[in-house]
Amino acid sequence: MSDKQTATAKRKAFECSGKLKQVMADHFLELDRASQSGDRKIAWCSSVGPAELLRGMGFLVYYPENHGAMLGASRMAADVIPYANAEGYSPDICSYLTSDIGAFLKEKTPLTKAYNISAVPRPDVLVFNTNQCRDVKDWFAWYARHFNVPLTGVHTYRDIGEIRDYQVKEIAQQIEDLIPGLEAVGGVKFDMDRFKEAVVLSKKTSQLWRTCLETASAVPSPWTFFDAAIHMAPAVVARGIRAGVDYYEILLPELEDRIQNGIGAVEDEKHRLYWEGMPIWGKLRALSEQLSELKACVVASTYCNSWIYEQLDPANPFESMALAYTELFIVRDEAYKEQYIQKCHDLYRFDGIIFHDAKTCPNNTNSRYGMPERLRGKTGVPAVIINGDLNDLRCYSEEQTKTNIEAFIEQLEEGMV
Ligand code: SF4
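In our numbering, the protein residues as written are 250 to 666.
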């Protein structure tokens with residue numbers, strides 16, 4: 250690769266990247282202070298767990314999956330996974346879980362290099378929602394035993410087609426039923442107004458995040474999935490608080506400005522792709538650069554869309570939370586998922602799909618039951634499946650993936666697929 254090519258393949262930096270770093274630093278440093286001083290209660294929450302309730306009850310909220318992604322991106326994961334395996338946690342289960350528990354056992358965290366923080370914050374309570382998988386509950390259960398703190402959460406329906414009223418009501422009740430236990434841990438009385446305020450902020454964050462993502466429907470797209478996977482961090486950790494809204498109010502005009510000035514994330518964008526499945530955290534840059542070289546822009550993904558909760562409604566907070574956290578892609582059946590990707594195709598006009606078959610996350614892998622073939626039959630859009638993993642790079646062959654992607658783009662160019 251020539252120097253010129255390398256320069257064009259690099260991701261274009263965003264001016265708001267400094268602000269993003271600040272939002273994340275504030276998040277972790279606030280948690281670290283509270284963990285050391287004990288002056289604020291800390292809830293650990295699964296990434297699509299009931300964060301608004303926790304924020305509304307005054308908890309600081311820590312997201313272990315976000316830490317898992319950091320372990321993947323910093324490539325610490327493969328070194329620490331064996332320590333969780335030695336505790337009986339299989340190499341075949343979620344590698345966020347195994348890398349996070351392994352890192353804890355080894356007393357390692359990427360937070361040290363990033364923020365000079367020596368350890369993840371100590372939880373006062375752990376709160377999951379099984380809408381995404383059972384692994385989050387088993388993951389949190391390990392820490393609940395270790396710290397001897399309460400484990401609580403929501404058990405939800407899975408593989409849902411049409412969402413039924415009884416499902417929403419039942420999940421809403423489960424969310425409401427969390428309150429007495431959280432009051433006991435937090436030492437506070439539930440305050441409906443404060444809760445509604447968190448719901449409002451979370452909804453605003455979601456709306457802004459969706460608008461940011463949809464700027465990628467422009468041709469050329471102002472950003473790629475690889476950019477969005479980084480800039481989505483506030484949509485995960487700062488929903489329900491002002492910082493999430495503030496961040497996307499800065500990012501959005503920057504994206505709109507790129508569109509107005511015809512600035513594409515990929516020079517001379519030629520191919521538009523959809524990413525289905527988990528990111529491969531340790532290879533974001535390499536994949537981004539390879540695809541840029543091939544003039545291919547990944548314009549949309551199921552993954553980044555998973556933090557849009559627009560059903561949230563302060564007038565009906567429990568039921569709207571139940572609906573928002575149930576209508577997510579990962580919770581739905583195959584037919585719904587196919588329709589969802591077809592709708593994305595209508596909006597983003599991509600001409601190929603990359604399915605990531607993540608070895609340790611069957612929950613976020615959708616290529617194993619014929620979906621790529623069915624989608625191609627319905628839309629004519631071809632797909633390539635790459636085998637890898639979110640964190641465990643021992644399941645990933647760089648050379649094989651590179652070759653498969655190259656061949657896929659060549660085929661797109663030749664109109665052979
Ligand atoms: S959805 Fe997949 S990656 Fe996320 S916690 Fe569950 S198993 Fe892990």
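Glycine included, each C-beta is placed from N, C-alpha and C at the ideal position.
Within the same chain, Cβ atoms closer than 8 Å to the Cβ of threonine 361 are found at Ser367, the five residues on either side in sequence being excluded. Valine 272 is positioned such that its CB atom lies closer than 9 Å to that of proline 483. Separation of glycine 436 and arginine 643 (C-alpha to C-alpha, rounded to the nearest whole angstrom) is 45 Å. Look at tryptophan 388: its beta carbon is less than 8 Å from one of the heavy atoms in the ligand SF4. Set against 8 Å, the gap from the CB of tyrosine 345 to the closest heavy atom of the ligand SF4 is smaller. Under DSSP, phenylalanine 604 takes part in a beta bridge, and its partners are Glu525, Ile634. In this structure, the CA atom of glycine 629 is about 9 Å from the CA atom of aspartate 600.
Annotated three-state conformation of phenylalanine 377 is strand, per DSSP.
Annotation: the continuous beta strand (DSSP E) that includes valine 548 extends over 545 to 550. Distance check between alanine 492 and each of Ser451, Ala465, Ala467 places Ser451 closest, using alpha-carbon atoms only.
Given a length threshold of 4 residues, each whole run of the alpha helix (DSSP H) inside the stretch 282 to 362 is given here in chain order: 300 to 305, 313 to 322, 326 to 334, 344 to 354. Taking a C-beta distance under 9 Å as the contact criterion, methionine 441 and tryptophan 458 do not qualify as a contact pair. For proline 399, the closest alpha carbon among the candidates Arg407, Ala390, Thr405, Tyr406 is that of Ala390. According to the DSSP assignment, valine 580 belongs to no alpha helix (DSSP H), since it is labelled neither H nor E. Within 8 Å of the C-beta of glutamine 423 there is not a single heavy atom belonging to the ligand SF4. Our two residues, alanine 433 and tyrosine 497, have alpha carbons roughly 34 Å apart in a direct line. Straight through space, the alpha carbons of alanine 363 and threonine 614 are spaced by roughly 30 Å. For arginine 289, the closest alpha carbon among the candidates Pro313, Met306, Gly317, Gly298 is that of Met306. Residues of the same chain with a CB within less than 8 Å of the CB of serine 266, apart from the 5 flanking positions on each side, do not exist. Exclusion of glutamine 416 from the 8 Å shell around the ligand SF4 follows from its C-beta lying no nearer than that to any non-hydrogen atom of the ligand. Isoleucine 603 has its Cβ no nearer than 8 Å to any heavy atom of the ligand SF4. The beta carbons of isoleucine 529 and leucine 536 sit closer together than 9 Å. Taking each of Ser344, Ile342, Asp328 in turn and checking the Cα distance to glutamate 356, the smallest one comes out for Asp328. In this structure, serine 537 has its beta carbon at no less than 8 Å from each heavy atom of the ligand SF4.
Taking one beta carbon from each stretch, the stretch 298 to 313 and the stretch 499 to 518 have fewer than 3 pairs nearer than 8 Å; the two do not touch.
Bridge pairing for histidine 520: Ala545 [DSSP]. The alpha-carbon separation between aspartate 384 and glycine 298 amounts to approximately 13 Å. In terms of Cβ geometry, tyrosine 332 and glycine 351 form a close pair [threshold 9 Å]. In summary, glutamate 648 is exposed, with fewer than 16 beta-carbon neighbours lying within 10 Å of its beta-carbon over all protein chains present.
The Cβ atoms of threonine 575 and tyrosine 392 lie no closer than 9 Å to each other. Taking the Cβ of leucine 533 as the reference point, every heavy atom of the ligand SF4 lies at 8 Å or farther away.
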